[in-house]
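For reference, the structure is listed below as structure tokens.
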Amino acid sequence: MKVTGIIVRRRSLGKNLAFADIKVLEKTEDKSDLSDSCKRPNETSTCVDTEGERPPLKIIFRRHSSSWDADALTTFPTKNSELPYGAKVELDLFEQIQPPGANADSPKYEVRRWSILVDPRMEAIKCARQEITKDEQVQEQQVNSSSDLPQSTDGILATKYFASRTSQYLKYNKQKKSPRTKLHDNDKSENLSHMQDNTPKNLLKFDQCSHGDKKEKGQRAKIFARYLIDKFGLDLMRGGVMDVAGGKGQLSIELALQAKSYCIIIDPLIRGHGDTPMLRKRTVKKLQSADSPLPVYRPIIFSLNENCLKIVEESSCIVG
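Per UniProt numbering: the sequence shown = residues 1 to 320.
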């Protein structure tokens, strides 16, 4: 079977083995091997792929095969560059006998002889050719005399050459993605699927007993402090507040900022030394800039003892 087509994929494995995928433009074979739509009354029949819907034909090159024509003018493709992307080639193929259990994707056709009809590297070199100075010509590598590429003392612009060769590859193959791009796309798809499976946050309706989302939870102390001030008034809040089990003291900090309240926080889990061990430096600066009193921390258990009763007597409001 003789095939005329374009190389869309290739892989050379050294001196004795190579593979290629050919986009068939035209093929000639015995009518017994053709479908009914391609049969002709002659001994041989020709099929032309006018619509380009035929899948690529997988072929294999074997140097030590009994069918390989060692006397052919073309050499065995020992490297990938000898099977250039986008090259129009003419192939003489025969169908291999597949052993039982063979992979369905393995090449079914083996090459007897082949030749390149149109080499896209020539066009790429023509597009990339640039004039160079005599000094640069001296430094330019000499083209191998056995190479099929055109020999010239002119230089070529590598960026234009590789851009032209890449365009030949992308005509018949999808652009490959880098590992970083694949990872970014996977993360993006996972995020999109997660968003689709869950209701948007702005549409969530929290239960009346719930404290809301994360943002609302961070404002609970501010909201509750505003409620106490509106409910009981500034005078009561400024008389002293005892915050039982106050933890880090967010409520006391908000009362100090909004009502200038002097607060004492009682919690056995308070760590550190001094009156303000749980306050951050920026919180202290914020309170000082607002002329608000700093809350005082007492790492004790609230019970009916003298210390707690004394704090209760000095406070006008107890929260907890």
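Cβ atoms here follow ideal geometry from the backbone N, Cα and C, with glycine treated the same way.
As computed with DSSP, Arg129 is found in a beta bridge with Ile156. In this structure, the alpha-carbon of Pro295 lies about 15 Å from that of Val312. In the three-state scheme derived from DSSP, where H, G and I count as helix and E and B as strand, Tyr262 is classed as coil. By the Cβ criterion, the segment 81 to 97 is in contact with the segment 164 to 172, since at least three pairs of Cβ atoms, one from each stretch, lie closer than 8 Å. Nearest neighbour of Ser303 by Cα position, chosen from Ser289, Pro56 and Ile266, turns out to be Ile266.
Within its own chain, the residues whose Cβ lies closer than 8 Å to the Cβ of Ile300, once the five positions on either side in sequence are excluded, are Ile266, Pro268, Asn307 and Cys308, listed in chain order. Across the set Glu110, Glu314 and Ser292, the C-alpha of Glu110 shows the shortest separation from the C-alpha of Leu17. For Met237, there is no enclosing beta strand (DSSP E); the enclosing alpha helix (DSSP H) has its first and last residue at Leu234 to Met237.
Ser115 sits close to Glu90, with the two beta carbons spaced by under 8 Å. For the set Ala104, Ile156 and Gly101, the Cα lying nearest the Cα of Ala124 is the one of Ile156. For the set Gly240, Met278 and Gly249, the Cα lying nearest the Cα of Lys310 is the one of Gly240. DSSP, reduced to helix, strand and coil, places Lys222 within a helical segment of the structure shown. For Ile116, the enclosing beta strand (DSSP E) has its first and last residue at Tyr109 to Val118. With 16 or more neighbouring CB atoms inside 10 Å of its own CB, Gln168 falls in the buried class. Annotated as distal: Val8 and Pro55, with beta-carbon spacing of 8 Å or more. About 6 Å separates the beta carbon of Ala256 from that of Leu287, a gap short enough to meet the 8 Å contact definition. Taking 8 Å as the cut-off, the Cβ atoms of Ser261 and Met237 count as close. In this structure, Ile264 lies near Arg298, with their beta-carbon atoms less than 8 Å apart.
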